[in-house]
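Q: For the record, the sequence lines run as chains C and P. When we follow our numbering, the leftmost residue of the first sequence carries the number 1, and every step to the right adds one. When we follow our numbering, the leftmost residue of the second sequence carries the number 1, and every step to the right adds one.
Protein chains: 2
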Amino acid sequence: MAMDASEETLRRAMADKQAAVDAQGKAVRDLKVSGAAKAEVDAAVEALNALKLEKSSIENQLQAAITGGAGGLSRDAFRQAVVNTLERRLFYIPSFKIYRGVAGLYDYGPPGCAVKANVLAFWRQHFVLEENMLEVDCPCVTPEVVLKASGHVDKFTDLMVKDEKTGTCYRADHLLKDFCKEKLGKDLSMHAEKAAELKNILAVLDDLSAEELGAKIKEYGIVAPDTKNSLSDPYPFNLMFQTSIGPSGLIPGYMRPETAQGIFVNFKDLYYFNGNKLPFAAAQIGQAFRNEISPRQGLLRVREFTLAEIEHFVDPEDKSHPKFGDIAHLEFLMFPRKEQTSGQSAKRMRIGDAVSEGIVNNQTLGYFIGRVYLFLTQLGIDKERLRFRQHLANEMAHYAADCWDAEIECSYGWIECVGIADRSAYDLRAHSEKSGVPLIAHEKFSEPREVEKLVIAPVKKELGLAFKGSQKNVVEALEVMDEKEAMEMKSTLESKGEVEFHVCTLGKVVTIKKNMVTISKEKKKEYQRVFTPSVVEPSFGIGRIIYCLFEHSFYTRPSKAGDEQLNVFRFPPLVAPIKCTVFPLVQNQQYEEVAKRISTSLTVAGISHKIDITGTSIGKRYARTDELGVPLAITVDSTSSVTIRERDSKDQIRASIEDVASVVKEVTDGSSTWPDVLWRFPAHSHVSTDE
Amino acid sequence: MAMDASEETLRRAMADKQAAVDAQGKAVRDLKVSGAAKAEVDAAVEALNALKLEKSSIENQLQAAITGGAGGLSRDAFRQAVVNTLERRLFYIPSFKIYRGVAGLYDYGPPGCAVKANVLAFWRQHFVLEENMLEVDCPCVTPEVVLKASGHVDKFTDLMVKDEKTGTCYRADHLLKDFCKEKLGKDLSMHAEKAAELKNILAVLDDLSAEELGAKIKEYGIVAPDTKNSLSDPYPFNLMFQTSIGPSGLIPGYMRPETAQGIFVNFKDLYYFNGNKLPFAAAQIGQAFRNEISPRQGLLRVREFTLAEIEHFVDPEDKSHPKFGDIAHLEFLMFPRKEQTSGQSAKRMRIGDAVSEGIVNNQTLGYFIGRVYLFLTQLGIDKERLRFRQHLANEMAHYAADCWDAEIECSYGWIECVGIADRSAYDLRAHSEKSGVPLIAHEKFSEPREVEKLVIAPVKKELGLAFKGSQKNVVEALEVMDEKEAMEMKSTLESKGEVEFHVCTLGKVVTIKKNMVTISKEKKKEYQRVFTPSVVEPSFGIGRIIYCLFEHSFYTRPSKAGDEQLNVFRFPPLVAPIKCTVFPLVQNQQYEEVAKRISTSLTVAGISHKIDITGTSIGKRYARTDELGVPLAITVDSTSSVTIRERDSKDQIRASIEDVASVVKEVTDGSSTWPDVLWRFPAHSHVSTDE
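(1) If you run the structure through DSSP and keep just helix, strand and coil, what is C/Glu-292?
(2) So with Cβ pairs under 9 Å, would you call P/Leu-90 a contact of chain C?
(3) Go ahead and pull the three-state DSSP assignment for P/Pro-252.
(4) Starting from C/Gln-652, follow the beta strand (DSSP E) in both directions and report where the run begins and ends.
(5) Where does P/Ser-74 sit, in a helix, a strand or coil, going by DSSP?
(6) Taking the alpha carbon of P/Arg-337 as the point to measure from, which residue in P/Leu-365, P/Thr-243, P/Arg-301, P/Asp-402 has its own alpha carbon closest?
(7) So which residues on chain C does P/Asn-132 lean against when the C-beta distance must stay under 8 Å?
(8) Among residues of its own chain, excluding the 5 on either side of C/Val-128, which ones have a beta-carbon nearer than 6 Å to its beta-carbon?
(9) Taking C/Lys-472 as the reference, which of C/Tyr-622, C/Cys-504, C/Gly-185, C/Glu-537 has the closest Cα?
(10) Ignoring anything shorter than 3 residues, give me the beta strand (DSSP E) runs that lie fully in the stretch 123-179 of chain C, in order along the chain.
(11) Below 8 Å on the Cβ atoms is my guess for P/Asp-269 versus C/Gly-109; work out the distance and round it to an integer in Å.
(12) Would you mind stating whether P/Leu-454 and P/Ala-486 have Cβ atoms separated by less than 9 Å?
(13) Assign C/Ser-34 to buried or exposed, taking buried as 16 or more other Cβ atoms, counted over all protein chains shown, within 10 Å of its Cβ.
(14) Return no unless some Cβ of chain P is closer than 9 Å to the Cβ of C/Lys-268.
(15) On a CA-only basis, which of C/Ala-172, C/Val-115, C/Ser-232 is nearest C/Thr-166? Give me that one, please.
(16) Let me confirm a value: C/Tyr-272 is counted as buried when at least 16 other C-beta atoms fall within 10 Å, else exposed. Which label applies?
(17) Spatial neighbours of C/Gly-104 within its chain, please: C-beta separation below 6 Å, excluding the five flanking residues on both sides.
(18) Check whether the Cβ of C/Gly-71 lies closer than 9 Å to any Cβ atom in chain P.
(19) Return the CA-CA distance between C/Arg-29 and C/Phe-681, expressed in angstroms with no decimal places.
(20) For C/Phe-289, which residues from the same chain have a beta carbon less than 6 Å from its beta carbon, with the 5 sequence-adjacent residues on both sides left out?
(21) Who are the neighbours of P/Asp-626 on chain C, taking C-beta pairs under 9 Å?
(22) Which bits of chain P does C/Ala-114 rub up against, with CB to CB less than 8 Å?
(23) Does the distance from the C-beta atom of C/Ile-694 to that of C/Phe-368 stay below 9 Å?
(24) If contact means a Cβ-Cβ distance below 8 Å, which residues of the stretch 93-111 of chain P contact chain C?
(25) For the alpha helix (DSSP H) containing C/Cys-403, list its first residue and its last residue.
(26) Is the beta carbon of C/Ile-456 closer than 9 Å to that of C/Glu-479?
(27) Rank C/Lys-508, C/Met-489, C/Arg-371, C/Arg-75 by C-alpha distance to the C-alpha of C/Val-499 and give the top, closest one.
(28) Name, in chain order, the residues that DSSP records as bridge partners for C/Glu-706.
(29) Could you check whether C/Gln-378 and C/Phe-571 sit closer than 9 Å to each other, using their CB atoms as the reference points?
(30) Going by Cα to Cα distance, which pick from P/Pro-584, P/Glu-658, P/Ala-397 is closest to P/Phe-156?
(31) So with Cβ pairs under 9 Å, would you call P/Cys-580 a contact of chain C?
(32) For the putative contact between C/Ala-354 and C/Gly-366, defined by C-beta atoms under 8 Å, what is the C-beta separation to the nearest angstrom?
(33) How is the beta strand (DSSP E) around P/Thr-600 delimited, first residue to last?
(34) So, for P/Glu-385: in the same chain, excluding its five sequence neighbours on each side, which residues have a beta-carbon less than 7 Å away from its beta-carbon?
(35) Excluding the 5 residues preceding and the 5 following C/Phe-501 in the sequence, name in chain order all residues of the same chain whose CB lies nearer than 6 Å to its CB.
(36) Does the beta-carbon distance from C/His-609 to C/Phe-375 come in below 9 Å?
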């Protein structure tokens, strides 16, 4: 495969930057050895760190060019390399493999499970603890009434078609999409007009009704892919796993399709727990279930997955956020509605500007967009392949005020990983209505407020005389007039003595006379305001984020001998499944004892690690640990000191056995960077012949 | 309610010990002020700590006497007090409350959720990380074939009876149990013989078959409790929630009733991941589901719960454990089979002795019993109300080698919270057979071993002549002889020329002559041993452990004014939902700013905390935070220093604002105890009038 121009350029830039980093690294060490002043050394270190950052940015661009830029084949090959490594090293495993598996169900194996636990721990730290959220933990089994209220029983469906002979089920939109893509890709002699039609279908696919989808399937003669049999008309299939609660079979239930409902139904208690004060946020991490018709895209579309959801309840009249200033300066790729509909691309914006210009609906929504950006990039998601895309008007539910998806680019394209929606008062209102329990908030005024209230007082006696059996309809129609209408009637009655009035429940116009109704404005004292809070909901698909993280962290490099490509995951220590490995250089009792002493000191320091005492060559052991994304490797090659090797630079330092644990700790807990320690310890120049 | 003798005695002992603690505390402070030598101060502190420990032990006994010792009413009243506090402070909430809830489903509210997260984090630290276990994370949705192999589809049932008119379902054993208990409790004039019969039923209840249960229900005339209608015969009801995977409705599935199966089906990959070496353990934390017929006992018997399970795979011929020595000295309450059947009570034993005396089957099982003991007591479970009970022969599955339950005593009695079973090779064999994938291990010999193998070679020609149509049965019977039998036949044939031989498939004795069979021993070289590993399974019901922890941590004390009882949870910092609260003494901008500065320094130190700036009296705020089990409270009463109050002793020290975070950190991360810091900082003697 030929290297394209931008890749070539980036590879050159990368080599130059690496040389600059090396030179500056040497300068730092020389300064230190010569006993230069601290300020001078610090300045040199700062310059070194800046160079490393620049190098890392070029590296990311290069990676993007290789995986994304170079067209379909490269993407597929890259994905295959990642997935092979992930499956071989048990990051994940198709569930129930010995029974030939079940589509859309995956296990996390040991390193994947550790990565997931780290991601969730960081989520809890970054959102629940730092923002003082109220975390809850609700069951997956949910009675039907709750999901009836939320709309899931009626509307959580995909359109399905069946093979008319075998009964095999397919997602109708998938078949149409595959058809259009294949035609566009293969039939190069197609008329421009026809091509435009197919492209348009791909663009509006999500909006097509069952009838429209069915018509297109018929028009294009699309048949069942496996048998070529004809297909049924599309019909909705509910994506919830259904079950039955209790032994009687009389209480229908579902496995929850999201965790949010558990929070909404607890609103009243949580509001009380928060001292009856708004705003506050509740959060939940847990399993959710969607019985996908035909799961595809590996870990991205599965039937059971971990969600982490936040419901931030806020006064609809004041959606400012006290900490908005902390994140207003953040600048990242945003893809507002306007840019999408006018065919432009995503643009770099300050989130502060996006809110002040009204592109993002309010500060609270903007604050969460900023916090999500920090969360994802601190995990190791590449900022160049992360964008916030605003929902188009037709994508949003009618009640939503605004909605942005954090989309991450991976080999499958741009994938929605976090949804951040202002859902207004919809969910609380729906559960209030269904349950009869008011889910509302109060704002107590510090001083009672004087308000003018419209008072409409129909004089029933006069109305009865005039309208007899229709009196009730007229009274009701008078009472529901809005302020404008009522004040107009009042002035007409005062000037003309009577007025024509349309009573819609009677379907006719009646004449209201002055003695039939009194309209006035009265001053009243109000002590509080009662309202249904709005909710801003950031919802995280943890599995999708982790899969994208795998792709963004993966790269290959040639082995020393050049005979094979070695796989590396450049996980930040925060995410890495274990923080370091310990290798005795050769199988020997003394070295193994040192390794065990180091292991004990690492355990005391709370650092997850693993000893590898197999007799495999040290190069192979490095390759093995790089493939798991372990940031540091300790090689025991003497009984007094050891080497510590950093995964990506392959730099090694020599440290005494007493210092090892504290060095590993400071690098992996983020209190130092590797360049920091690099110049504090002697470099280890011996390079194993194996690597 | 009258105080019983032991409670009275304990209360006196408690008061004496408290006085001794106070005196020693003063002595320590005096020594410090007088500038005594470090060694002298250290000795005094050690004495103080010893006294505090003794006090805590008396406190536990007193608690046990109050809650457990004083009969039914006290237990119920105690439970009611705990449950009221738990529900009011949202430790947990009946799920879907606004829709009148669903029996057996509970939410953890914010403090409960934090306690649960802490318990799980400690479990992961104590087991997965410290023991280098392979953690996996498998889906809850499970296809039928897996649970068919495990036996759950056929055998995971409870016996149910139905109200013959209304169809309401009841657990048959519950109805019989309630009947016996009520009779025994109310009918005091009952004959001793009859009482013995009812007591015996209670003892053997779990062993009764459907027929036996049905007969007893008929005999005693037990009817439906709500309607007094007659009941159906008992029949088995499968406790799994059933569902259907995919849109066709053709793949039956269940919500997993335990997490263990996900590990067993992955054995082959995990064994490979571990370098094809035994022993190793895999672990999983996750939701499990049991569709209980009629859930009772609050949080103890629920329909969805979190399990944490370990499957430790070990060579059946070597169940020693390399770290057994680390825990062999531990001594705790054990309740072996012999003591149970002979009517004795649980006894205090060293686990090392229990294994060496053969009471516990093997070291690996013993090691896990010891580790479970450490886990539970470090969480705060009272060692006096924790015992390990061995399963009786009739409680264990036929394949199990030995099984012990960690039982915790709470207001519901002794509750099984952790099961630790040696399940031999059962599960792996079952999945090997069903899936056709061998789930086995190999032991490669370092040198090939010469083994003598028995070779039985029937001479089919001669046997055919002698036995005609029965030849096949005779051949098979000869081939399956064991070594002893075969060698006896060989010697008889050699001495007498023929031998009488019983062929069980023919049901008769035949005569075998010397020319009909050759029996010999041949030497063969073997290079490896192939076997199905045994599995030792510690399985933790996290919700049950947490509920017992709530009860063991709960106590009440009179308010300063004596007009009400205040509730306290004495959670260790490890478990506490948050580690400290920060209170400005009065509502005042300066104090609030100090509180915010302290909050920032606590966040930097990674300490979960909450600021309470309500104008409520400081005593009420202390009471509120004690009720959540928060170990430390910081009161801002000046702009330079603050007080830190410990929850249980109510001791207060004064510390500078700069020191606060580090003091809280060392006490809550366990690097110091409260008595340690108590003498390093000046005591704060001001006591709020509110408390």
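Just so it is clear, CB atoms sit at the ideal spot from N, CA and C, and this is done for glycine as well. Quick caveat, the model's predicted, so the values are computed rather than measured.
A: According to the structure data:
(1) coil
(2) yes
(3) strand
(4) Following the DSSP letters along the chain, one finds C/Gln-652 inside the beta strand (DSSP E) bounded by residues 652-656.
(5) In the structure shown, P/Ser-74 sits in a helix (DSSP, three-state: H, G or I).
(6) In this structure, P/Asp-402 is the residue among P/Leu-365, P/Thr-243, P/Arg-301, P/Asp-402 with its C-alpha nearest to the C-alpha of P/Arg-337.
(7) Chain order gives the chain C residues near P/Asn-132 as Lys-610, where near means a beta carbon separation below 8 Å.
(8) Glu-135, Ala-283
(9) Measuring from the Cα of C/Lys-472, the nearest candidate turns out to be C/Cys-504.
(10) 141-143, 157-162, 169-171
(11) 7 Å
(12) Yes, they are a contact pair.
(13) exposed
(14) yes
(15) C/Ser-232
(16) exposed
(17) Glu-292, Pro-295, Val-302, Arg-303
(18) The predicted model places C/Gly-71 with a pLDDT of 41, which falls under 50 and marks its position as unreliable, so this point remains unresolved.
(19) 9 Å
(20) Counting only Cβ-Cβ distances below 6 Å, and skipping sequence neighbours, we find Phe-241, Met-255, Glu-304.
(21) Per Cβ cutoff of 9 Å: no residues; P/Asp-626 is ~17 Å from chain C at best.
(22) Glu-135
(23) A question about residue 694 of chain C goes unanswered here, because the residues of chain C that appear run from 1 up to 691.
(24) Ile-93, Ser-95, Phe-96, Lys-97, Ile-98, Tyr-99, Val-102, Ala-103, Leu-105, Tyr-106, Asp-107, Tyr-108, Gly-109, Pro-110
(25) Element bounds for C/Cys-403: not the alpha helix (DSSP H) but the beta strand (DSSP E), 402-410.
(26) Yes.
(27) C/Met-489
(28) Absent from the model: residue 706 of chain C. The displayed extent of chain C is 1 to 691, so no value can be given.
(29) no
(30) P/Ala-397
(31) no
(32) 7 Å
(33) Per DSSP, P/Thr-600 belongs to no beta strand (DSSP E); it is in the alpha helix (DSSP H), 589-604.
(34) According to the sequence displayed, residue 385 of chain P carries Arg and not Glu. Closer than 7 Å at Cβ, skipping near neighbours: Ala-64, Ile-408, Glu-409, His-552.
(35) Val-510, Ile-512
(36) No, they are not a contact pair.
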